[in-house]
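> The structure's right below; bear with me while I get my questions together.
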Amino acid sequence: MPEGTGLRYQEDDSASPKTAWANGMMAARQGVYQTALLWLERAVRLAPHDPRIALDLARTRIALKTPAQLRRAVADLNALAALHENIQIELALLTTHQLLGDGASAAAALAKLLQRHCVPDDAGFAEVASLITTAAGGPGWCGWLPSGMLQISTMPGLKLTFLLDGALINLKPRGGHFSAPPTGILSILAGGKELAGSPLDLGYLQRVEGIVSVVDGTLIGWAYLPAAESAKPDLTLHDAAGAKLPISFGAAMAPDEAAPFARRFSFAVTAAKVKPLVPPLRITSTDDADIMGSPLDPVLFKAVQPIQMGSKISGIRVLPPRRSLAVVIPVYRDVAVTKACLTALQATLPADAEVIVVDDATPEPALAAWLDEMAQNEAITLIRHTKNLGFPAAVNAGFKAADGRDVLLLNSDTLVPTGAIEGLTEAVYQAADIACATPFSNDATILNYPRRDGANAMPSLAEAVALQRDAARANGNAICDIPTGVGFCMLIRHDALAATGDMQVALFAQGYGEENDWCIRARTAGYRHVAALGAYVAHHGSVSFKAAGRALNTRNARTLNRLYPGYEALIDAHIKSDPLAPARYRLDASRFTRNRGKTHEAVLLISHNHGGGVARIIASEMQNIRASGKRPLLLVPGAPDDLNTTPFPWDAELTDDAPGDYPNLRFKYPAAREALLELLRAEAVTQVIFHHGLGHHPGVREIAADLGVPQDIVLHDYASFCPRVTLMNRPAAGMPLRYCGEPNVNACVSCVKMAGDETFENLGPVALIERSQREFARARRIIAPSADAANRISRHFPGVRPTVTPWENDTIRVNLKPPGRGRRRIVVIGGIGPAKGFDLLIDCARDAVERKLELEYVVAGASADDNALLETGRIFVTGAYAEGEATTLIQSVQADLAFLPSVWPETWCFALSEAWHAGLYTIAFDLGAQAARLKASMRGAVLPLGLPVQRINDILSAWQPNLRNSNAI
413 MPEGTGLRYQ EDDSASPKTA WANGMMAARQ GVYQTALLWL ERAVRLAPHD
463 PRIALDLART RIALKTPAQL RRAVADLNAL AALHENIQIE LALLTTHQLL
513 GDGASAAAAL AKLLQRHCVP DDAGFAEVAS LITTAAGGPG WCGWLPSGML
563 QISTMPGLKL TFLLDGALIN LKPRGGHFSA PPTGILSILA GGKELAGSPL
613 DLGYLQRVEG IVSVVDGTLI GWAYLPAAES AKPDLTLHDA AGAKLPISFG
663 AAMAPDEAAP FARRFSFAVT AAKVKPLVPP LRITSTDDAD IMGSPLDPVL
713 FKAVQPIQMG SKISGIRVLP PRRSLAVVIP VYRDVAVTKA CLTALQATLP
763 ADAEVIVVDD ATPEPALAAW LDEMAQNEAI TLIRHTKNLG FPAAVNAGFK
813 AADGRDVLLL NSDTLVPTGA IEGLTEAVYQ AADIACATPF SNDATILNYP
863 RRDGANAMPS LAEAVALQRD AARANGNAIC DIPTGVGFCM LIRHDALAAT
913 GDMQVALFAQ GYGEENDWCI RARTAGYRHV AALGAYVAHH GSVSFKAAGR
963 ALNTRNARTL NRLYPGYEAL IDAHIKSDPL APARYRLDAS RFTRNRGKTH
1013 EAVLLISHNH GGGVARIIAS EMQNIRASGK RPLLLVPGAP DDLNTTPFPW
1063 DAELTDDAPG DYPNLRFKYP AAREALLELL RAEAVTQVIF HHGLGHHPGV
1113 REIAADLGVP QDIVLHDYAS FCPRVTLMNR PAAGMPLRYC GEPNVNACVS
1163 CVKMAGDETF ENLGPVALIE RSQREFARAR RIIAPSADAA NRISRHFPGV
1213 RPTVTPWEND TIRVNLKPPG RGRRRIVVIG GIGPAKGFDL LIDCARDAVE
1263 RKLELEYVVA GASADDNALL ETGRIFVTGA YAEGEATTLI QSVQADLAFL
1313 PSVWPETWCF ALSEAWHAGL YTIAFDLGAQ AARLKASMRG AVLPLGLPVQ
1363 RINDILSAWQ PNLRNSNAI
């Protein structure tokens, strides 16, 4: 952090989130909470998915105790609580509500904490809890202790009443507490009113989360009590002959990404102890519930013979007759989601189909009761397990009940639209050797749609119905071979099920990978698996898998690859070859057409995909186009993961004003030119607005001419005549970039040879200028955001007179705060790279250190090299900010003055606008639109370009606005 904060920060790898986190916590321990806030906000921006940093940031906001920071802490903590069960999050929420004076929310937070966690081992907690319940007008509170006792605190003189699962019971005090029943829903009332924390789900509070694996005959794993983080679970190892062995735990494990808050305890049972036991083995908690990975058979793990994944085995030759359908749905939790699944299914079932629901000992009474009602109404056939056996065992129970029929294996968190079952059925009966068919889904691994990476929102039933229609219209009954089915929704043909057999419970326990194993075994029996390209089923995904579930996934994935060497390579090869790409493209095109709605014309915008100010303008322009009754379309180049493996030009991606919603509408020019033009003609594009061609194939620049429609050109930089884009060159090799001064074309040629071409096209200055001249001549309008930019274009292209259309209204009044005297903090805004003054900023910081100036800098945003800036000791970097966050972020750093060290003539400069919105006077160089706007507005000052850094720092240290002429220095 900059000097003057009292914080000594760690020097090594200064730019990492780990270091920012450490620096923030160091500042918090020293009581320098404002500095801690800056570091921890930076850490969260660098590692937005680490909940531990987010919790420490929330605690720092709480320590600051300002209403604004407390409200932000509530929002942060609620977001964390939605994803993680951790008592520290709940305690922080309770504290925050108290500090805000929100008694009702504090009481609600207390009740939630007591229902989800044991009573905290904190001497002050009981007093705080009593104060909260008294203030809320409640009779008291109750909670569970890891010792199996109940802690109860009530107003004096109130009679206690205990109800277990609705029945009155008698509990007597012992040592100041009450003995808790072993399980059930316990309601506790005092004076006829329910205590805070009641009802207590005793089974939930005592639940164990854990995992067991077999490694060379030894059982290894971990377990913990989510509701009692400091207590060790009580686990027992059982064998099939009745032998029992208590599990001994080692030290607590360090948190990791899978379990960021859990205090897990490791265990190991040696091969020597395991060998005499009779498999299958089980590791259970006190309620006889298996932990993840149990039951298991170490002998089976050791004895199984690996099967090499190689050439295709000879397929089945005779297509069997069709049979009726049994839909098998294992159910465990979430009554609302299960209801939605079965309700949607009932509307689309074939007349002769049977729905077989396997209740795998649900812990939710409401779900069990609803399933009973459905069974009584003969809507389903219900199979109920008395204890939870896991997904594979529940599937096998359903297979048995199916009794030789085709089986639609379906997760209970799916939505099956009308038409999907028919599509799947047609798929499995298209050839004799097809074992199963799987549809597209928002969450289906290799069958994800629209995004392959699975970052797809769960659609509503209405949306799923529309997607099913799109899939059927786009792909009909087409199929495509896939290496494995996906277990959320697999239609399995009866003969393949008979030939392959059940899921292997002893290998895959509660699940994950069992359907892949089944598919591989079917493959060895001569079958193959297909994607039903005309079918779509929505899927919530494995939201119930917590730390132990993820660990089981990892364990079972290792098992799959040990059983079937080459399986992982087979999946990787499928993903790389992507045979489903044409089907996803057709489906995207169908949705794209459907989403046209009632618009009869469209406007196409063409741009790059680098975000920034260009993206802001395009978003605004698309809103205006939509408001005019036309459909806005956007064509951008796909962002390559690696420039070396994906050379220029990049595929063009087409979307509308739901950016990124059609990730498969990709067009590789020139081969896909006609396909793109066909889509655009169908949309009745009447105008093209060309914002930027960076990353695009040159053929994209001809789309307006190909369509025969007018084109407007919008200027954002100088790529029309400068291959370096921003008019920057290096005076000599190794020197920092600077404004080139716009020399003649011969100098431009030399510059590009030395510094390179930033457009990727390598046209050279002469050819670039000639092409731009032709494009300008054909354009209906040429738009520049500032007179400075328009004049530069006119100088290089005689006869071209751009229309000046400012992006913002600088005449709107803003309230600016004069900079303070004494030590100053200077904010630099945006993504700071060479053109934005990165090298100059480092020089300024070094000069400030050398001359011991009372001056420090904060980059509100990111930079080309955060580490280099931080290591100066005078520059702090917040990390990149989201669109719309800039003003709040700039204000939060409490700067005295804004400095825009940009050394190229910007065409507008949104960073300047953000500085003004944040209430800061601004200093910039006398160059480009930034200087012109400062001079016109008198909201800061301009410096001569090339001014020595010593003079720049002197001005930044002392400058004050002159209200008569604020450009004076």
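Going by my numbering, the sequence shown opens with residue 413, and the numbers climb by one from there.
Built from N, CA and C at the ideal position, the CB exists for glycine as well.
(1) At 4 residues or longer, what runs of the alpha helix (DSSP H) sit wholly inside the stretch 429-466?
(2) Sorted by chain position, which residues of the same chain lie with C-beta nearer than 8 angstroms to P851's C-beta, five sequence neighbours on each side aside?
(3) By the three-class DSSP mapping on this structure, what secondary structure does S956 have?
(4) Could you give the residue range of the beta strand (DSSP E) that holds C1152?
(5) Can you tell which of G888, D1069, E1114, I1205 has the C-alpha that lies nearest to the C-alpha of L1088?
(6) Determine the DSSP secondary structure at I1224, reduced to helix, strand or coil.
(7) Sort G569, G515, M567 by Cα distance to A547 and report the nearest one.
(8) Using 8 angstroms as the limit for Cβ to Cβ distance, is S678 near chain E?
(9) Less than 8 angstroms between C-beta atoms, sequence neighbours within five positions excluded: which residues of the same chain meet that for L580?
(10) If I'm right that P718 touches R974 with Cβ under 8 angstroms, what's the distance once you round it to whole angstroms?
(11) Going by DSSP in three states, A944 sits in which element: helix, strand or coil?
(12) Nearest CA to the CA of E1266: which residue from L1368, A523, A520?
(13) Return the chain-ordered list of same chain residues with a C-beta closer than 8 angstroms to the C-beta of V1164, the five sequence neighbours on each side being excluded.
(14) Okay, do the stretch 1002-1010 and the stretch 1097-1105 touch, 3+ Cβ pairs below 8 angstroms being the bar?
(15) Looking at the unbroken alpha helix (DSSP H) that takes in F811, where does it start and where does it end?
(16) Assign E1090 to buried or exposed, taking buried as 16 or more other Cβ atoms, counted over all protein chains shown, within 10 Å of its Cβ.
(17) Report the start-end ranges of each beta strand (DSSP E) in the stretch 1172-1217 that is 3 residues or longer and not cut off at the edges.
(18) Tell me whether W1371 is buried or exposed, calling it buried when 16 or more other Cβ atoms sit within 10 Å of its Cβ.
(19) Determine the closest residue to A1070 out of K799, M1034, L1092, V1239, with distance taken between C-alpha atoms.
(20) Would you mind listing the alpha helix (DSSP H) stretches within the stretch 1062-1103 that are 4+ residues and don't spill past its ends, in chain order?
(21) Can you give, in chain order, each stretch of the alpha helix (DSSP H) that sits fully within the stretch 529-606 and has at least 4 residues?
(22) Would you mind working out which of D1068, A1051, L1066, T826 sits nearest F1060, comparing C-alpha positions?
(23) For R1038, does the three-state DSSP call read helix, strand or coil?
(24) Taking the C-alpha atoms as reference points, what is the distance between T417 and A683?
(25) For W930, does the three-state DSSP call read helix, strand or coil?
(26) Using 8 angstroms as the Cβ pair cut-off and three pairs as the minimum, do the stretch 1114-1130 and the stretch 1185-1199 touch?
(27) My output table needs one value for F1288: the three-state DSSP class, helix, strand or coil.
(28) Helix or strand or just coil, what does DSSP make of D818?
(29) Mind reading off the beta-carbon distance from D764 to S736? Whole number of angstroms is fine, and I expect it under 8 angstroms.
(30) Return the CA-CA distance between I846 and K812, expressed in angstroms with no decimal places.
(31) Report the option in R905, D462, V898, D865 whose CA atom is closest to the CA atom of G925.
(32) Out of curiosity, what's the CA-to-CA distance linking L712 and I987?
(33) If you drop the 5 nearest sequence neighbours on each side, which residues of the same chain put their C-beta closer than 8 angstroms to that of A748?
(34) Does the beta-carbon distance from D1222 to S1132 come in below 8 angstroms?
(35) Looking only at its own chain, which residues have a Cβ that is under 6 angstroms from the Cβ of F920, when we skip the five neighbours before and after it?
(36) Do you know offhand how far R1351's Cα is from E453's?
If we stick to the structure as given:
(1) 429-441, 445-458
(2) A832, G835, L836, L859, A883, C901, A943, A944, A947, Y948, V949
(3) Note that S956 has pLDDT 45, beneath the 50 cutoff, so the model's placement of it is unreliable and no number is given.
(4) Unbroken run through C1152: none, as it is neither H nor E.
(5) E1114
(6) coil
(7) G515
(8) Here there is only one protein chain, and chain E is not present.
(9) T573, F574
(10) 7 angstroms
(11) strand
(12) L1368
(13) P1135, R1136, G1176, P1177
(14) no
(15) 803-814
(16) exposed
(17) 1193-1196
(18) buried
(19) M1034
(20) 1085-1094
(21) 537-547
(22) A1051
(23) helix
(24) Because T417 sits at a pLDDT of 36, beneath the cut-off of 50, its placement in the model cannot be relied upon, and the point is left open.
(25) helix
(26) yes
(27) strand
(28) strand
(29) 4 angstroms
(30) 21 angstroms
(31) V898
(32) 31 angstroms
(33) none
(34) no
(35) P804, E926, N968
(36) 29 angstroms
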